[in-house]
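Each residue of the sequence shown is one higher than the one before, starting from 0 at the first, in numbering that gives the first Met the number 0.
Using N, Cα and C, we set each Cβ at its ideal position, and we do this for glycine too.
All values derive from a computational prediction rather than experimental measurement.
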Amino acid sequence: MSISTNYAKLREEIPKDVKIVLSAKTRTVEEIEEAIDAGAVDIGHNYVQEAGQIYRALKKKPADVRWHMIGHLQTNKINKALRIFDVIQTIDSLDKAVAIDKRVETAGRDIVEVYIEINIGSEFAKAGIKPADHEPFEEYVETLAGGISALAHLRLVGLMTMGPRFGNPEDVRPYFSRTKTIFDRIKALSLSNVDMKYLSMGMTNSYRIAIEEGSNMVRIGTAVYGKRECDIR
0 MSISTNYAKL
10 REEIPKDVKI
20 VLSAKTRTVE
30 EIEEAIDAGA
40 VDIGHNYVQE
50 AGQIYRALKK
60 KPADVRWHMI
70 GHLQTNKINK
80 ALRIFDVIQT
90 IDSLDKAVAI
100 DKRVETAGRD
110 IVEVYIEINI
120 GSEFAKAGIK
130 PADHEPFEEY
140 VETLAGGISA
150 LAHLRLVGLM
160 TMGPRFGNPE
170 DVRPYFSRTK
180 TIFDRIKALS
190 LSNVDMKYLS
200 MGMTNSYRIA
210 IEEGSNMVRI
220 GTAVYGKREC
230 DIR
């Protein structure tokens, strides 16, 4: 099936109140353009340089398309990232948040929406804040949210997690459940300059479980584009 058909089928299956962020990593401009023409309005990318090339090629696409940084953001690439991405989903420390906040005005912007990235499975090879490194973890994340709330040019609007990948997607359920609990705890704090709207969790292999556990934003690639022939930067 075509990308357009795959996206339409996915959009029909997933509840309307759940946003679909299409992962554009390693995808061609033509593939992403077809997805946008099919109705996709949220595009995610892991790499700043590659995203920049695609962004420039798609300049004439609809203005309502929003670009999400969903990969680890290196401090030396913040300036470039702010010229591309509307949303940064991968804040993993207050230092990173402060570094971004300092550069927002220079990039000609007022406010940037950000999410805290949680490595809920404490996996060594993945980015994000690990529960194994910060106990009690829920309190640690709440403190980070409070720190971000004090920054003039950032608005915390959600949490993001990948969750461990298992052969049986059902096994990731408790990790998603814990992330939703953390999300609810931060929302209940009613912090100034914080508007917890999005829980970004669930990918092609796990989005159904994620939605059942409260996700209202899923990051999908393979289910729309098909399997990658390669996975290179």
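- prompt: Are three or more beta carbon pairs between the segment 171–178 and the segment 190–208 nearer than 8 Å?
  reply: yes
message: Below 7 Å, is the gap between the Cβ of Q48 and the nearest heavy atom of the ligand FAD?
response: For the structure depicted, the ligand FAD is absent and the ligand set is empty, with no information on it obtainable.
query: Name the DSSP beta bridge partners of I87, please?
result: M68, V113
message: Can you look up Y197 in the DSSP assignment and give me helix, strand or coil?
response: strand
- request: Compare the C-alpha of L155 against each of D194, E137, L72 and name the closest.
  value: D194
- prompt: Would you say E116 and G107 are within 8 Å of each other, going by their C-beta atoms?
  reply: no
- prompt: Over what stretch of residues does the beta strand (DSSP E) that includes D41 continue unbroken?
  reply: 41–44
- prompt: What is the rounded straight-line gap between the Cα of R218 and the Cα of A124?
  reply: 19 Å
field: Beta-carbon proximity check, M161 vs Y114, cutoff 8 Å
entry: no
message: Checking 8 Å against the spacing of the C-beta atoms, do D85 and L153 come in under that value?
response: no
- prompt: What distance in whole Å lies between the Cβ atoms of A80 and V47, which are believed to be in contact at a cut-off of 8 Å?
  reply: 5 Å
query: Alpha carbon to alpha carbon, what distance is there between V97 and I147?
result: Cα to Cα, I147 sits roughly 8 Å from V97.
message: Does I231 come out as helix, strand or coil in the three-state DSSP assignment?
response: With a pLDDT of 37 at I231, under the threshold of 50, the predicted position of this residue should be treated as unreliable, though the coordinate-derived value follows. It is coil, neither helix nor strand.
query: Below 8 Å between beta carbons: does that hold for Y197 and G157?
result: Yes, the Cβ-Cβ distance between Y197 and G157 is below 8 Å.
- prompt: Can you list the alpha helix (DSSP H) stretches of 4 or more residues lying completely in the segment 134–189, in chain order?
  reply: Note on the segment 134–189: whole alpha helix (DSSP H) runs with a minimum of 4 residues are 136–148, 172–188, in chain order.
message: Starting from I2, trace the alpha helix (DSSP H) in both directions and tell me its first and last residue.
response: 2–12
- prompt: The beta strand (DSSP E) with K101 in it runs from where to where?
  reply: No beta strand (DSSP E) holds K101; the alpha helix (DSSP H) holding it covers 93–103.
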